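Peer 1: For the sequence shown, the working numbering assigns the number 1 to the initial residue and increments by one for each residue that follows. Quick reminder that beta carbons are idealized off the backbone N, C-alpha and C, glycines included. Please read all numbers here as calculations on a predicted model, not as lab measurements.
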Amino acid sequence: MTRISAIRRVSENSNLDVRFSLCGEFDIANSGQVTEALEKGMAYRTITIDLTRTTFIDASILGVLIGLASRRRHINAERPRIVNASKTIRRLFSLC
C-alpha cells in the first residue's frame, strides 16, 4: 500500500509569519522530511502548523514538534501554533 504524505509551506508574510500544512500520515519514516521543512520556518516570528488534512502522527512526529518548540524557546521566539488537529491527534497531545 502506497501512502502519500506531504508537508508544504502554504503562506508566508515577509519574515513575520509562516504557515505549514501537513497532509497524510507522518511517522518515523518521514520525520526527517517534517523536521527539514519546519526548520525552514525558524526565522519567522510565528509558525503555524495546520493539521486539517493529517490523518496520523506517531511519537516521532510529536518529538519533532516538541524539538521545534524547544529550539524556538531558546531563541526567545513564539511557540509554534498547531491548528485544526483531529480529535485523535488532540488526544495524543493531551496524553503526552
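Buried or exposed: where does S70 fall if 16 or more other Cβ atoms within 10 Å of its Cβ makes it buried?
Peer 2: exposed
Peer 1: Answer with buried or exposed for T2, where buried requires no fewer than 16 other C-beta atoms within 10 angstroms of its C-beta.
Peer 2: Its pLDDT being 42, under 50, T2 is placed unreliably in this model, and the coordinates cannot settle the point.
Peer 1: Mind checking L16: buried by the 16 CB within 10 Å criterion, or exposed?
Peer 2: Exposed.
Peer 1: In three-state DSSP terms, what is T2?
Peer 2: Residue placement at T2 cannot be trusted, given a pLDDT of 42 that sits under 50; what the coordinates show is reported in the next sentence. Note: T2 maps to coil in three-state DSSP.
Peer 1: Can you name the start and end residues of the beta strand (DSSP E) that G24 belongs to?
Peer 2: Bounds of the beta strand (DSSP E) holding G24 are D17 to F26.
Peer 1: What does R81 pair with, by DSSP beta-bridge criteria?
Peer 2: T48
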